[in-house]
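Our numbering applies: residue 92 is where the sequence shown begins, and numbers increase by one. Where a beta carbon is used, it is the ideal one built from N, C-alpha and C, also for glycine. As the structure is a prediction and not an experimental result, all values here were calculated from the model. Read the structure below first, then the notes.
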Amino acid sequence: MVKIADELHLSAVKLAELHSDLKIQEKDELSWKKLKAEGLDEDGEKEAKLRRNLNVILTKYGMNGKKDSQLVDTNYIKDGTESDTLDDPRLEKLWSKAKTSGKFSDEELDKLWREFKHHKEKIREYNILLETVSRTEDIHKNLINPSEENLVKEEILHNKHRELKEKLRSINQGFERLRKVSHQGYDTTSEFEEPRVIDLWDMAKSANFTEKELESFREELKHFEAKIEKHHHYQKQLEISHQKLKHVEGTGDKDHLNRNKEKYATLQEKTKELGYKLLQALLAALRVLRPHLVRRLGECPLQLPVHGSPERYWLKTAQATLSTCSQR
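Rendered as C-alpha coordinates:
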(Lines of atoms letter the chains of each structure in order from A and count residues from 1; the text may use other names and numbers.)
(Lines give C-alpha, C1' and ligand atoms only; values in the text may rest on other atoms or scores of the structure.)
Protein backbone atom coordinates (compact mmCIF):
# COMPACT_ATOMS: atom_id res chain seq x y z
CA MET A 1 0.00 0.00 0.00
CA VAL A 2 2.91 2.36 0.76
CA LYS A 3 4.32 1.74 -2.71
CA ILE A 4 0.93 2.53 -4.25
CA ALA A 5 0.70 5.74 -2.22
CA ASP A 6 4.15 6.83 -3.41
CA GLU A 7 3.33 6.11 -7.04
CA LEU A 8 0.04 8.01 -6.85
CA HIS A 9 1.46 10.80 -4.63
CA LEU A 10 -1.23 10.11 -2.01
CA SER A 11 -1.03 11.10 1.63
CA ALA A 12 -1.77 8.53 4.33
CA VAL A 13 -5.24 10.05 4.78
CA LYS A 14 -6.00 9.93 1.05
CA LEU A 15 -4.74 6.36 0.87
CA ALA A 16 -7.11 5.37 3.68
CA GLU A 17 -9.99 7.09 1.85
CA LEU A 18 -9.06 5.25 -1.36
CA HIS A 19 -9.02 1.92 0.48
CA SER A 20 -12.47 2.67 1.95
CA ASP A 21 -13.93 3.72 -1.41
CA LEU A 22 -12.56 0.59 -3.11
CA LYS A 23 -14.05 -1.65 -0.40
CA ILE A 24 -17.45 -0.01 -0.97
CA GLN A 25 -17.04 -0.45 -4.73
CA GLU A 26 -16.13 -4.13 -4.29
CA LYS A 27 -19.19 -4.71 -2.10
CA ASP A 28 -21.43 -2.98 -4.66
CA GLU A 29 -20.01 -5.16 -7.45
CA LEU A 30 -20.62 -8.38 -5.48
CA SER A 31 -24.23 -7.31 -4.86
CA TRP A 32 -24.65 -6.52 -8.56
CA LYS A 33 -23.29 -9.93 -9.61
CA LYS A 34 -25.94 -11.61 -7.45
CA LEU A 35 -28.66 -9.44 -8.99
CA LYS A 36 -27.40 -10.18 -12.49
CA ALA A 37 -27.38 -13.93 -11.79
CA GLU A 38 -31.03 -13.61 -10.75
CA GLY A 39 -31.85 -11.66 -13.92
CA LEU A 40 -32.66 -8.44 -12.02
CA ASP A 41 -30.53 -6.05 -14.09
CA GLU A 42 -31.81 -6.73 -17.58
CA ASP A 43 -31.59 -3.10 -18.71
CA GLY A 44 -27.99 -2.79 -17.43
CA GLU A 45 -28.81 0.30 -15.38
CA LYS A 46 -27.08 -0.92 -12.21
CA GLU A 47 -24.02 -2.02 -14.18
CA ALA A 48 -23.77 1.45 -15.76
CA LYS A 49 -24.00 3.04 -12.31
CA LEU A 50 -21.18 0.79 -11.07
CA ARG A 51 -18.98 1.93 -13.95
CA ARG A 52 -19.75 5.58 -13.22
CA ASN A 53 -18.89 5.05 -9.56
CA LEU A 54 -15.58 3.42 -10.46
CA ASN A 55 -14.76 6.30 -12.81
CA VAL A 56 -15.46 8.75 -9.97
CA ILE A 57 -12.97 6.88 -7.76
CA LEU A 58 -10.32 6.72 -10.49
CA THR A 59 -10.65 10.43 -11.21
CA LYS A 60 -10.73 11.41 -7.53
CA TYR A 61 -7.38 9.74 -6.81
CA GLY A 62 -5.63 10.47 -10.12
CA MET A 63 -5.86 6.87 -11.35
CA ASN A 64 -7.72 7.48 -14.61
CA GLY A 65 -4.57 7.42 -16.76
CA LYS A 66 -4.63 11.16 -17.51
CA LYS A 67 -1.32 12.91 -16.91
CA ASP A 68 -1.19 16.58 -16.01
CA SER A 69 2.35 17.52 -17.07
CA GLN A 70 2.03 21.05 -15.75
CA LEU A 71 1.19 19.77 -12.28
CA VAL A 72 4.13 17.35 -12.27
CA ASP A 73 6.66 19.75 -13.79
CA THR A 74 5.83 23.01 -12.07
CA ASN A 75 4.24 22.17 -8.71
CA TYR A 76 1.29 24.24 -9.93
CA ILE A 77 -1.81 24.42 -7.74
CA LYS A 78 -4.13 23.60 -10.61
CA ASP A 79 -7.89 23.23 -10.68
CA GLY A 80 -7.75 19.50 -11.31
CA THR A 81 -8.62 19.28 -14.98
CA GLU A 82 -6.88 19.19 -18.33
CA SER A 83 -9.86 20.56 -20.21
CA ASP A 84 -10.33 24.21 -21.14
CA THR A 85 -14.11 23.85 -21.16
CA LEU A 86 -16.24 24.82 -18.18
CA ASP A 87 -18.75 21.95 -18.53
CA ASP A 88 -21.63 24.19 -17.42
CA PRO A 89 -23.85 26.14 -19.87
CA ARG A 90 -24.34 28.96 -17.35
CA LEU A 91 -20.60 29.40 -16.86
CA GLU A 92 -19.90 29.15 -20.61
CA LYS A 93 -22.49 31.86 -21.27
CA LEU A 94 -21.05 34.18 -18.61
CA TRP A 95 -17.50 33.66 -19.86
CA SER A 96 -18.52 34.33 -23.46
CA LYS A 97 -20.19 37.61 -22.44
CA ALA A 98 -17.20 38.67 -20.36
CA LYS A 99 -14.74 38.02 -23.21
CA THR A 100 -16.70 40.13 -25.67
CA SER A 101 -17.79 42.90 -23.27
CA GLY A 102 -14.66 45.03 -23.64
CA LYS A 103 -14.68 45.65 -19.87
CA PHE A 104 -11.57 43.58 -19.15
CA SER A 105 -7.90 43.94 -19.99
CA ASP A 106 -5.99 40.81 -21.01
CA GLU A 107 -4.60 40.53 -17.48
CA GLU A 108 -8.09 40.86 -15.96
CA LEU A 109 -9.43 38.21 -18.35
CA ASP A 110 -6.68 35.86 -17.15
CA LYS A 111 -7.75 36.46 -13.55
CA LEU A 112 -11.41 36.00 -14.41
CA TRP A 113 -10.66 32.75 -16.23
CA ARG A 114 -8.90 31.46 -13.12
CA GLU A 115 -12.01 32.32 -11.09
CA PHE A 116 -14.18 30.40 -13.55
CA LYS A 117 -11.86 27.38 -13.38
CA HIS A 118 -11.81 27.58 -9.59
CA HIS A 119 -15.63 27.58 -9.60
CA LYS A 120 -15.66 24.58 -11.95
CA GLU A 121 -13.42 22.72 -9.50
CA LYS A 122 -15.82 23.52 -6.64
CA ILE A 123 -18.66 21.96 -8.64
CA ARG A 124 -16.49 18.91 -9.43
CA GLU A 125 -15.63 18.42 -5.74
CA TYR A 126 -19.30 18.78 -4.79
CA ASN A 127 -20.37 16.13 -7.31
CA ILE A 128 -17.68 13.69 -6.15
CA LEU A 129 -18.67 14.18 -2.51
CA LEU A 130 -22.37 13.83 -3.38
CA GLU A 131 -21.70 10.56 -5.19
CA THR A 132 -19.62 9.25 -2.26
CA VAL A 133 -22.30 10.17 0.29
CA SER A 134 -25.05 8.59 -1.81
CA ARG A 135 -23.15 5.31 -2.09
CA THR A 136 -22.36 5.26 1.64
CA GLU A 137 -26.03 5.89 2.47
CA ASP A 138 -27.04 2.95 0.27
CA ILE A 139 -24.75 0.66 2.27
CA HIS A 140 -26.11 1.91 5.62
CA LYS A 141 -29.67 1.23 4.49
CA ASN A 142 -28.76 -2.40 3.80
CA LEU A 143 -27.19 -3.01 7.22
CA ILE A 144 -29.17 -5.39 9.46
CA ASN A 145 -27.30 -5.08 12.77
CA PRO A 146 -25.77 -1.60 13.26
CA SER A 147 -22.51 -1.91 15.25
CA GLU A 148 -20.61 0.71 17.24
CA GLU A 149 -18.28 1.13 14.27
CA ASN A 150 -21.26 1.86 12.04
CA LEU A 151 -22.51 4.47 14.50
CA VAL A 152 -19.15 6.22 14.13
CA LYS A 153 -19.53 6.02 10.36
CA GLU A 154 -23.00 7.56 10.68
CA GLU A 155 -21.44 10.53 12.46
CA ILE A 156 -18.89 10.85 9.66
CA LEU A 157 -21.77 10.70 7.18
CA HIS A 158 -23.54 13.45 9.11
CA ASN A 159 -20.40 15.61 8.85
CA LYS A 160 -20.24 14.88 5.12
CA HIS A 161 -23.81 16.17 4.76
CA ARG A 162 -22.77 19.39 6.49
CA GLU A 163 -19.81 19.64 4.14
CA LEU A 164 -22.13 19.13 1.16
CA LYS A 165 -24.37 21.93 2.40
CA GLU A 166 -21.37 24.25 2.80
CA LYS A 167 -20.03 23.39 -0.65
CA LEU A 168 -23.42 24.12 -2.22
CA ARG A 169 -23.59 27.46 -0.40
CA SER A 170 -20.08 28.30 -1.61
CA ILE A 171 -20.99 27.34 -5.19
CA ASN A 172 -24.07 29.59 -5.13
CA GLN A 173 -22.12 32.50 -3.68
CA GLY A 174 -19.32 31.95 -6.18
CA PHE A 175 -21.71 31.94 -9.12
CA GLU A 176 -23.29 35.19 -7.96
CA ARG A 177 -19.84 36.77 -7.77
CA LEU A 178 -18.96 35.54 -11.27
CA ARG A 179 -22.26 36.83 -12.61
CA LYS A 180 -21.68 40.24 -11.04
CA VAL A 181 -18.06 40.54 -12.18
CA SER A 182 -18.87 39.31 -15.71
CA HIS A 183 -21.55 41.98 -16.14
CA GLN A 184 -19.96 44.89 -14.27
CA GLY A 185 -16.21 44.25 -14.50
CA TYR A 186 -13.82 44.16 -11.55
CA ASP A 187 -14.47 46.50 -8.66
CA THR A 188 -11.28 48.52 -8.18
CA THR A 189 -12.13 48.93 -4.49
CA SER A 190 -12.48 45.17 -3.83
CA GLU A 191 -10.17 43.73 -1.19
CA PHE A 192 -8.79 40.77 -3.16
CA GLU A 193 -9.04 39.29 -6.65
CA GLU A 194 -7.64 35.75 -6.47
CA PRO A 195 -10.44 33.22 -5.72
CA ARG A 196 -8.46 31.27 -3.10
CA VAL A 197 -7.55 34.46 -1.28
CA ILE A 198 -11.17 35.64 -1.40
CA ASP A 199 -12.24 32.33 0.22
CA LEU A 200 -9.66 32.74 3.01
CA TRP A 201 -10.69 36.36 3.61
CA ASP A 202 -14.38 35.40 3.83
CA MET A 203 -13.49 32.75 6.42
CA ALA A 204 -11.38 35.22 8.39
CA LYS A 205 -14.28 37.67 8.59
CA SER A 206 -16.49 34.95 10.09
CA ALA A 207 -13.81 33.86 12.59
CA ASN A 208 -13.20 35.21 16.08
CA PHE A 209 -10.56 37.83 15.15
CA THR A 210 -9.99 41.10 16.96
CA GLU A 211 -9.85 44.17 14.72
CA LYS A 212 -6.06 44.27 15.02
CA GLU A 213 -5.71 40.54 14.26
CA LEU A 214 -7.99 40.83 11.24
CA GLU A 215 -5.91 43.71 9.88
CA SER A 216 -2.73 41.65 10.37
CA PHE A 217 -4.30 38.69 8.54
CA ARG A 218 -5.40 41.00 5.73
CA GLU A 219 -1.77 42.04 5.22
CA GLU A 220 -0.68 38.40 5.22
CA LEU A 221 -3.27 37.62 2.54
CA LYS A 222 -2.01 40.52 0.43
CA HIS A 223 1.47 38.97 0.48
CA PHE A 224 -0.07 35.59 -0.36
CA GLU A 225 -1.94 37.08 -3.32
CA ALA A 226 1.29 38.70 -4.55
CA LYS A 227 2.97 35.27 -4.45
CA ILE A 228 0.11 33.80 -6.49
CA GLU A 229 0.49 36.55 -9.10
CA LYS A 230 4.24 35.95 -9.30
CA HIS A 231 3.67 32.22 -9.68
CA HIS A 232 1.16 32.81 -12.49
CA HIS A 233 3.70 35.08 -14.23
CA TYR A 234 6.39 32.39 -14.20
CA GLN A 235 3.91 29.77 -15.36
CA LYS A 236 3.15 31.91 -18.40
CA GLN A 237 6.87 32.43 -19.07
CA LEU A 238 7.44 28.69 -18.76
CA GLU A 239 4.68 27.97 -21.27
CA ILE A 240 6.13 30.52 -23.73
CA SER A 241 9.59 28.97 -23.27
CA HIS A 242 8.14 25.51 -23.88
CA GLN A 243 6.54 26.64 -27.14
CA LYS A 244 9.83 28.23 -28.28
CA LEU A 245 11.71 25.05 -27.39
CA LYS A 246 9.37 22.94 -29.52
CA HIS A 247 9.85 25.37 -32.42
CA VAL A 248 13.66 25.36 -32.14
CA GLU A 249 13.74 21.55 -31.97
CA GLY A 250 12.37 21.52 -35.50
CA THR A 251 15.07 23.83 -36.90
CA GLY A 252 18.05 21.59 -36.14
CA ASP A 253 20.11 24.49 -34.71
CA LYS A 254 21.93 22.77 -31.82
CA ASP A 255 23.39 25.94 -30.25
CA HIS A 256 20.02 27.68 -30.29
CA LEU A 257 18.40 24.51 -28.95
CA ASN A 258 20.85 24.24 -26.03
CA ARG A 259 20.29 27.89 -25.06
CA ASN A 260 16.53 27.39 -25.07
CA LYS A 261 16.85 24.18 -23.05
CA GLU A 262 18.90 26.01 -20.41
CA LYS A 263 16.36 28.83 -20.24
CA TYR A 264 13.48 26.37 -19.97
CA ALA A 265 15.23 24.41 -17.20
CA THR A 266 15.89 27.64 -15.26
CA LEU A 267 12.25 28.76 -15.57
CA GLN A 268 11.04 25.30 -14.64
CA GLU A 269 13.13 25.26 -11.46
CA LYS A 270 12.02 28.78 -10.51
CA THR A 271 8.36 27.90 -11.06
CA LYS A 272 8.72 24.80 -8.88
CA GLU A 273 10.37 26.86 -6.15
CA LEU A 274 7.58 29.46 -6.25
CA GLY A 275 4.95 26.71 -6.22
CA TYR A 276 6.50 25.27 -3.07
CA LYS A 277 6.60 28.71 -1.41
CA LEU A 278 2.97 29.21 -2.40
CA LEU A 279 1.96 25.97 -0.68
CA GLN A 280 3.88 26.99 2.44
CA ALA A 281 2.15 30.39 2.46
CA LEU A 282 -1.25 28.72 2.12
CA LEU A 283 -0.53 26.38 5.04
CA ALA A 284 0.68 29.33 7.13
CA ALA A 285 -2.58 31.19 6.45
CA LEU A 286 -4.62 28.13 7.43
CA ARG A 287 -2.66 27.76 10.67
CA VAL A 288 -3.42 31.39 11.55
CA LEU A 289 -7.13 30.83 10.83
CA ARG A 290 -7.46 27.60 12.77
CA PRO A 291 -7.23 28.80 16.42
CA HIS A 292 -9.63 31.68 15.72
CA LEU A 293 -12.14 29.33 14.14
CA VAL A 294 -11.75 27.06 17.19
CA ARG A 295 -12.83 29.94 19.44
CA ARG A 296 -15.75 30.70 17.16
CA LEU A 297 -16.69 27.02 17.06
CA GLY A 298 -16.72 27.00 20.87
CA GLU A 299 -19.89 29.08 20.67
CA CYS A 300 -21.55 26.43 18.49
CA PRO A 301 -23.52 23.58 20.14
CA LEU A 302 -22.82 21.16 17.29
CA GLN A 303 -20.08 18.53 17.35
CA LEU A 304 -16.68 20.03 16.52
CA PRO A 305 -14.22 18.69 13.94
CA VAL A 306 -11.50 16.42 15.30
CA HIS A 307 -8.41 18.45 16.23
CA GLY A 308 -5.99 15.87 14.88
CA SER A 309 -7.55 15.77 11.43
CA PRO A 310 -5.66 17.16 8.39
CA GLU A 311 -5.63 20.95 8.02
CA ARG A 312 -7.74 21.21 4.87
CA TYR A 313 -10.33 18.62 5.98
CA TRP A 314 -10.56 20.27 9.41
CA LEU A 315 -11.12 23.67 7.81
CA LYS A 316 -13.87 22.38 5.48
CA THR A 317 -15.68 20.72 8.39
CA ALA A 318 -15.32 23.86 10.51
CA GLN A 319 -16.83 25.95 7.70
CA ALA A 320 -19.79 23.60 7.40
CA THR A 321 -20.33 23.65 11.18
CA LEU A 322 -20.23 27.45 11.37
CA SER A 323 -22.59 27.72 8.41
CA THR A 324 -25.09 25.38 10.10
CA CYS A 325 -24.82 27.24 13.43
CA SER A 326 -25.40 30.62 11.81
CA GLN A 327 -28.72 29.35 10.44
CA ARG A 328 -30.00 28.21 13.84
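Quick check: PHE308 and PHE300, are their CB atoms within less than 8 Å of each other? yes
Candidates THR223, GLU199, ASP178: closest to GLU212 by CA position: ASP178
Can you tell me the Cα-Cα spacing of ARG270 and ARG350, whole angstroms? 45 Å
Over the uninterrupted alpha helix (DSSP H) stretch that includes TYR277, give me the two end residues. Premise fails: TYR277 is in no alpha helix (DSSP H) and is neither H nor E.
Cβ neighbour criterion (16 or more within 10 Å) applied to HIS437: No answer is possible for residue 437: the residues shown for the chain start at 92 and end at 419.
Restricting to Cα atoms, I'd like to know which of ALA298, ILE289, HIS322, HIS333 is closest to LEU312. ILE289
For the alpha helix (DSSP H) that contains ASP344, what are its first and last residues? Unbroken run through ASP344: none, as it is neither H nor E.
In whole angstroms, what is the alpha-carbon distance linking VAL147 and VAL272? 32 Å
Using a Cβ-Cβ cut-off of 8 Å (strictly less than) and excluding sequence neighbours within five positions of LYS318, which residues of its own chain qualify? LEU365, LYS368, LEU369, ALA372
The segment 184-194 touching the segment 108-128, judged by at least three CB pairs closer than 8 Å: no
GLU340 versus GLU330: straight-line alpha-carbon distance, rounded: 15 Å
Note down, in chain order, each residue of its chain lying with its Cβ closer than 8 Å to the Cβ of TYR217, except the 5 sequence neighbours on either side. LEU255, LYS258, LEU259, ILE262
Helix, strand or coil at ASN144 [DSSP, three-state]: helix
Residues in the same chain with beta-carbon distance under 7 Å from GLU138, minus the five sequence neighbours each way, listed in chain order, please. TRP123, ASP132
Distance, Cα to Cα, LYS335 vs GLU320? 23 Å
Cutting at 7 Å between CB atoms, please list the residues of its own chain near PHE207, excluding the five before and the five after it. LEU177, LEU182, TRP186, LEU269
Quick check on GLY265: buried or exposed, where buried means 16 or more other Cβ atoms within 10 Å of its Cβ? buried
At the level of alpha carbons, what is the spacing between LEU352 and PRO382? A small fix is needed here, since residue 352 is Lys in this sequence, not Leu. Cα to Cα, the separation comes out at about 46 Å.
Rounded to the nearest angstrom, what separates SER111 and LYS303 at their Cα positions? 44 Å
With 16 as the cutoff for other CB atoms within 10 Å, does PRO180 come out buried or exposed? exposed
Would you tell me roughly how many angstroms separate the C-alpha atoms of LEU305 and ALA375, rounded to the nearest one? 15 Å
Going by beta carbon distance, what residues of the same chain come within less than 7 Å of TYR355, once the five residues before and after it are set aside? SER332, HIS333, LEU336
Decide if LEU149 is buried, meaning its Cβ has at least 16 other Cβ atoms within 10 Å, or exposed. exposed
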